[in-house]
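Peer 1: So the sequence shown is residues 9 to 384, counted in our numbering.
Please see the structure below; I have some questions.
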Amino acid sequence: MKILVAPNSFKECATSDEISAIISCGLRNNPDLEIVNKPLSDGGDGFLKVCEYIFKVETITYSIKSSYRNNINNYNVLYNSSKKSIYIESAELFGLKVISQSERSPLKLSSEILGNLLLNIVEDVNSKKLMVDEVWIGIGGTATIDFGIGACSQLGVSFFDADGNRKTPVPENFNQISKIENTGVRLPFKLKCVVDVETELIGEPGAIEIYGKQKGASESDLILIKKGIQNILNILTTDKRNLLPQKINGAGGGLAAGLNIFFGAEIISAEDFIKKSILQDINLKELDAVITGEGRFDFQSFEGKGAGVILKMFGERNIPIFMINGSTNLQSNIKLAENIIVINLIDLFESQAESIKNYGAGITKATEIVLKRLRN
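See below:
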């Protein structure tokens, strides 16, 4: 029996490669099972770990100043010399997993670290230290909602108020912007953004409302951020040289969309990345069962999240699909197919806090349940 083990990460808890290893360990003493490990990334938490798993890479470390902490930190990227590609995880730079609850303030946080990191890479490419054709950026799990303005500001895009004063590129200032100048750095490589959601940034509701509260934004913050980003879009629309996409992608608080508008970044769906990069060497027809899952499975999971992509890929096949989730919260009108078996870690413990603290033991228990179901 051939089983694909392809979990997504449990946000702020465990990476997908760690979860995959725990599940595989629980299955390994069964010689009749052939285990295929393919930890997922939809661009969010654990993107670098997955890239390290599937590509031949080396780690390069850059020292970058952090504006929100006002100190210098080391940030890792992955380099594949044969593919001439670099991989960056936005969640490692300014994600919820690295920004504490007390520091979460989307009005004041920006993506400028990414811009500085890209500048360092540009310098290494121009000096022939690195050969880079593509920079892949995993976008998701960020604590920012700045439309990528912080990153773009470090790459030569400037923002001014009505009096000609340069404005600090953080969302609390977006409403004051009346002029944008783009003397952008010429990037010697293409940007490719892997996005964890397909939801539009501004909608009813859009990604700002759907994901903003988990980033620490209040209702009034969200209104101000939405107005500010709409103001920037209005300014861009008045200049016919700007070709704005019909759909403004909401991943990473609009990070991918901003990089797309100002620097022509290609936006790649998690589904395409999973199919064409992670599972490209797998004959899906040979699989007898699939194990997937994520920390919280809900309606957002169908908007391009990793586990939702797996369900979409295998939902119509008559093989068992086991979902090991931290928790599942689906509306009553959303029905999963009969071949999808959901196991929630929260149901294996007395409380959610206990299930998070003991996630390793919980995943092991869930794997035992999977084995029993496979034997029946």
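Where is the CB? At the ideal position from N, CA and C, for every residue including glycine.
On a predicted model such as this, the values are computed, not experimentally measured, just so you know.
Helix, strand or coil for THR372? Go by DSSP, reduced to three states.
Peer 2: By 1-based counting over the sequence shown, the position of residue 372 is 364. The answer is helix: DSSP assigns THR372 an H, G or I state.
Peer 1: According to DSSP, is CYS21 part of a helix, a strand, or is it coil?
Peer 2: Counted from its first residue, the sequence shown places residue 21 at position 13. CYS21 falls in the coil class under three-state DSSP.
Peer 1: Determine the direct distance from the alpha carbon of ASN384 to that of SER98, and round the result to whole angstroms.
Peer 2: Sequence index remark: in the sequence shown, residue 98 carries index 90 (1-based). Sequence index remark: in the sequence shown, residue 384 carries index 376 (1-based). Going from the Cα of SER98 to the Cα of ASN384 covers about 43 Å.
Peer 1: Where does the unbroken alpha helix (DSSP H) through LYS365 begin, and where does it stop?
Peer 2: The sequence position of residue 365 within the sequence shown is 357, counting from 1. Element bounds for LYS365: 360-365.
Peer 1: Of the residues VAL178, ALA29, ASN45, ALA315, which one's Cα is nearest the Cα of ASN333?
Peer 2: Residue mapping note: residue 333 aligns to position 325 of the sequence shown, counting from 1. Of VAL178, ALA29, ASN45, ALA315, the residue nearest in Cα terms is ALA315.
Peer 1: Taking the alpha-carbon of GLY103 as reference, which of MET321, THR191, THR150, LEU356 has the nearest alpha-carbon?
Peer 2: For the purposes of this step, residue 103 is taken as the residue at position 95 of the sequence shown. Residue THR150 is the option with its Cα nearest to GLY103.
Peer 1: Cα separation between ASP40 and GLU66?
Peer 2: Residue mapping note: residue 40 aligns to position 32 of the sequence shown, counting from 1. Residue mapping note: residue 66 aligns to position 58 of the sequence shown, counting from 1. Approximately 35 Å between the Cα atoms of the pair.
Peer 1: Which residues mark the beginning and the end of the alpha helix (DSSP H) in which ALA215 is found?
Peer 2: Here residue 215 corresponds to residue number 207 of the sequence shown, with the count starting at 1. That run of the alpha helix (DSSP H) goes 215-220.
Peer 1: Given that a residue counts as buried once 16 or more other Cβ atoms are within 10 Å of its Cβ, and exposed if not, what is MET331?
Peer 2: If you number the sequence shown from 1, residue 331 lands on position 323. Result: buried.
Peer 1: I believe ILE275 touches CYS201 by the beta-carbon criterion, under 8 Å. Please report the beta-carbon distance rounded to the nearest angstrom.
Peer 2: Looking up residue 275 in the sequence shown gives position 267. Looking up residue 201 in the sequence shown gives position 193. At roughly 5 Å, the Cβ-Cβ gap stays under 8 Å, so ILE275 and CYS201 are in contact.
Peer 1: If contacts are defined as beta-carbon pairs under 8 Å, then ASP296 and ILE11 qualify, I think. What distance do you get, rounded to the angstrom?
Peer 2: As a first step, residue 296 is located in the sequence shown; it is residue number 288 there, counting from the start. As a first step, residue 11 is located in the sequence shown; it is residue number 3 there, counting from the start. So it is a contact: roughly 7 Å between Cβ atoms.
Peer 1: Bridge partners for ARG304 per DSSP, in chain order?
Peer 2: Residue mapping note: residue 304 aligns to position 296 of the sequence shown, counting from 1. DSSP lists SER335 as partners of ARG304.
Peer 1: Which one of PHE270, THR300, PRO47 has the shortest CA to CA distance from PHE167?
Peer 2: The count along the sequence shown starts at 1 and reaches residue 167 at position 159. Residue PHE270 is the option with its Cα nearest to PHE167.
Peer 1: Kindly indicate which three-state DSSP category VAL106 falls into: helix, strand or coil?
Peer 2: Residue mapping note: residue 106 aligns to position 98 of the sequence shown, counting from 1. If DSSP states are grouped into helix, strand and coil, VAL106 belongs with coil.
Peer 1: If you pair each beta-carbon of the region 246-265 with each one of the region 136-151, do three or more pairs fall below 8 Å?
Peer 2: Judged by Cβ distances under 8 Å, the region 246-265 makes contact with the region 136-151, as three or more pairs qualify.
Peer 1: Beta-carbon within less than 6 Å of ILE68's beta-carbon, same chain only, minus the 5 sequence neighbours each way: which residues are those?
Peer 2: Position 60 of the sequence shown holds residue 68. Counting only Cβ-Cβ distances below 6 Å, and skipping sequence neighbours, we find VAL85, TYR87.
Peer 1: Go through its chain and collect everything with a Cβ distance to PHE310's Cβ below 6 Å, but skip five positions before and after it.
Peer 2: Within the sequence shown, the letter at position 302 stands for residue 310. Within the same chain, PHE310 has close Cβ partners GLY316.
Peer 1: If you follow the alpha helix (DSSP H) that GLY261 is part of, which residue opens it and which one closes it?
Peer 2: The residue labelled residue 261 in the question sits at position 253 within the sequence shown. No alpha helix (DSSP H) holds GLY261; DSSP gives it neither H nor E.
Peer 1: Comparing alpha-carbon positions, which option in ILE188, ILE129, ARG304, LYS235 lies nearest GLY211?
Peer 2: Numbered from 1 along the sequence shown, position 203 holds the residue referred to as residue 211. Answer by Cα proximity: LYS235.
Peer 1: Hey, out of LYS91, ILE27, ALA14, VAL13, whose CA is closest to ILE364's CA?
Peer 2: The residue labelled residue 364 in the question sits at position 356 within the sequence shown. Among LYS91, ILE27, ALA14, VAL13, the Cα nearest to that of ILE364 belongs to ILE27.
Peer 1: Tell me the residue span of the beta strand (DSSP E) that contains GLU42.
Peer 2: Within the sequence shown, the letter at position 34 stands for residue 42. Here the beta strand (DSSP E) through GLU42 covers 42-45.
Peer 1: Hey, could you find the ends of the beta strand (DSSP E) ILE96 is sitting in?
Peer 2: Locating residue 96 in the sequence shown gives position 88, counting from the first residue. Counting along the chain, the beta strand (DSSP E) containing ILE96 begins and ends at 93-97.
Peer 1: Taking its Cβ as the centre, do 16 or more other Cβ atoms sit within 10 Å of LYS389, making it buried, or is it exposed?
Peer 2: What the structure shows of the chain is the stretch from 9 to 384, and residue 389 is not part of that stretch, so it cannot be assessed.
Peer 1: Candidates LYS137, LEU379, ILE145: which alpha carbon is nearest GLY51's?
Peer 2: Position 43 of the sequence shown holds residue 51. Looking at the Cα atoms, ILE145 is the closest of the given residues.
Peer 1: Between which two residues does the beta strand (DSSP E) holding VAL350 run?
Peer 2: As a first step, residue 350 must be located in the sequence shown, where it is residue number 342. Looking at the DSSP string, the run of the beta strand (DSSP E) that includes VAL350 is 348-352.
Peer 1: Kindly indicate which residue of LYS284, ASN183, MET139, ILE354 has the alpha-carbon position closest to the one of SER90.
Peer 2: The sequence position of residue 90 within the sequence shown is 82, counting from 1. Out of LYS284, ASN183, MET139, ILE354, MET139 has the C-alpha closest to the C-alpha of SER90.
Peer 1: DSSP has GLU26 in a bridge; who is on the other side?
Peer 2: Within the sequence shown, numbered from 1, the residue matching residue 26 stands at position 18. Note: GLU26 sits in no beta bridge, so no partner.
Peer 1: So the candidates are LYS248, VAL133, ASP306; which of them puts its Cα closest to the Cα of ILE218?
Peer 2: As a working note, residue 218 is residue 210 in the sequence shown. Comparing Cα positions, the closest option is ASP306.
Peer 1: What are the boundary residues of the beta strand (DSSP E) that includes LYS198?
Peer 2: In the sequence shown, the residue the question calls residue 198 occupies position 190. Element bounds for LYS198: 198-203.
Peer 1: Can you have a look at THR176 and say buried or exposed, based on whether 16 or more other CB atoms are within 10 angstroms of its CB?
Peer 2: Working through the sequence shown from its first residue, we reach residue 176 at position 168. Exposed, because fewer than 16 other Cβ atoms sit within 10 Å of the Cβ of THR176.
Peer 1: How should ALA259 be labelled, buried or exposed, when 16 other C-beta atoms within 10 angstroms of its C-beta is the threshold for buried?
Peer 2: As a working mapping, residue 259 is identified with position 251 in the sequence shown. Label assigned to ALA259: buried.
Peer 1: Give a yes or no on whether the C-beta atoms belonging to VAL178 and LYS116 are separated by under 9 Å.
Peer 2: On the sequence shown, position 170 is the one that residue 178 refers to. On the sequence shown, position 108 is the one that residue 116 refers to. The answer is yes: Cβ separation under 9 Å.
Peer 1: Assign SER340 to buried or exposed, taking buried as 16 or more other Cβ atoms, counted over all protein chains shown, within 10 Å of its Cβ.
Peer 2: Within the sequence shown, numbered from 1, the residue matching residue 340 stands at position 332. Counting Cβ neighbours within 10 Å, SER340 comes out exposed, since fewer than 16 surround it.
Peer 1: Helix or strand or just coil, what does DSSP make of GLU111?
Peer 2: In the sequence shown, counting from the first residue as 1, residue 111 sits at position 103. Helix.
Peer 1: So the candidates are LEU195, SER71, PHE63, THR372; which of them puts its Cα closest to the Cα of LEU267?
Peer 2: Counting from one through the sequence shown, the residue named residue 267 turns up at place 259. For the residues LEU195, SER71, PHE63, THR372, the minimum Cα distance to LEU267 belongs to LEU195.
Peer 1: Could you give the distance in angstroms between the alpha-carbon of ILE233 and the alpha-carbon of PHE281?
Peer 2: Counted from its first residue, the sequence shown places residue 233 at position 225. Counted from its first residue, the sequence shown places residue 281 at position 273. Approximately 30 Å between the Cα atoms of the pair.
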